Amino acid sequence: MSKNIKAVPTADYNSVIAVAQKYVDGLRAGSVEQVAEAFHDDAVMYGFTNGQLLGGPIDNLYKFVTQNGKAPKITTRLDVLAITPTTAVVRVDMEQDAIGADYNDYLTLINIAGNWKVIAKVYHQFEG
1 MSKNIKAVPT ADYNSVIAVA QKYVDGLRAG SVEQVAEAFH DDAVMYGFTN
51 GQLLGGPIDN LYKFVTQNGK APKITTRLDV LAITPTTAVV RVDMEQDAIG
101 ADYNDYLTLI NIAGNWKVIA KVYHQFEG
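Dropping the structure here:
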């Protein structure tokens, strides 16, 4: 007989969304330090920006934030697409980043010793 157990507490959903919100708030403020709070040191990112593949270490995101600054008009919707006790995927539906572009980001998170961090970001930039 299978057990009827809730594997992931609601608090984990809230913690995962809070990490994604740190990322968004950092973009809004143009703060690399704030964005970096959401990401694992070894995180990676891949996607197309203006038709060019941008991929590799998360430092590429930090360079983008440094070069383009604040995104005061940014609006987002954050959704947990999947979650387990140690992994999660969040979709960030984003409009009006620092360069005025719209995106869908997919953040993959891991829970290490009770601390959620983004380990990978893949994204799609929509044409303006």
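Numbered per full-length UniProt numbering, the sequence shown spans residues 1 to 128.
Just so it is clear, CB atoms sit at the ideal spot from N, CA and C, and this is done for glycine as well.
Because the structure is a prediction, the values reported are computed rather than measured.
Subject >> Contacts around Lys73, its chain only, beta-carbon distance under 6 Å, and the 5 residues preceding and following it disregarded >> reply: As a position in the sequence shown, residue 73 is number 73, starting the count at 1. So the qualifying residues of the chain are Gln96.
Original post:
What is the residue span of the beta strand (DSSP E) that Lys6 lies within?
Top reply: Mapped onto the sequence shown, residue 6 falls at position 6. Looking at the DSSP string, Lys6 is not in any beta strand (DSSP E), and its letter there is neither H nor E.
Original post:
Under the three-state reduction of DSSP, which class applies to Glu37: helix, strand or coil?
Top reply: The residue you call residue 37 lines up with position 37 of the sequence shown. Three-state DSSP puts Glu37 in coil, outside helix and strand.
**OP:** Note down, in chain order, each residue of its chain lying with its Cβ closer than 6 Å to the Cβ of Leu61, except the 5 sequence neighbours on either side.
**Re:** Working through the sequence shown from its first residue, we reach residue 61 at position 61. Within the same chain, Leu61 has close Cβ partners Met45.
Original post:
Bridge partners of Leu27, per DSSP?
Top reply: Locating residue 27 in the sequence shown gives position 27, where the first residue counts as 1. Looking at the DSSP assignment, Leu27 forms no beta bridge with any residue, so it has no partner.
**OP:** Report yes if the C-beta of Ala82 is less than 7 Å from at least one heavy atom of the ligand HEM; otherwise report no.
**Re:** Absent from the structure shown: the ligand HEM. Ligands present: none.
Original post:
Which full runs of the alpha helix (DSSP H) of 4+ residues lie inside the segment 34 to 107, going along the chain?
Top reply: 59 to 68
**OP:** Please say whether Ala71 and Ala98 have beta carbons closer to each other than 8 Å?
**Re:** If you number the sequence shown from 1, residue 98 lands on position 98. If you number the sequence shown from 1, residue 71 lands on position 71. Result yes, Cβ atoms of Ala98 and Ala71 sit closer than 8 Å.
Original post:
Using the rule of at least 16 other Cβ atoms within 10 Å of the residue's Cβ for burial, across every protein chain shown, is Ala43 buried or exposed?
Top reply: Counting from 1 along the sequence shown, the entry for residue 43 is found at position 43. The residue is buried, with at least 16 neighbouring Cβ atoms inside 10 Å.
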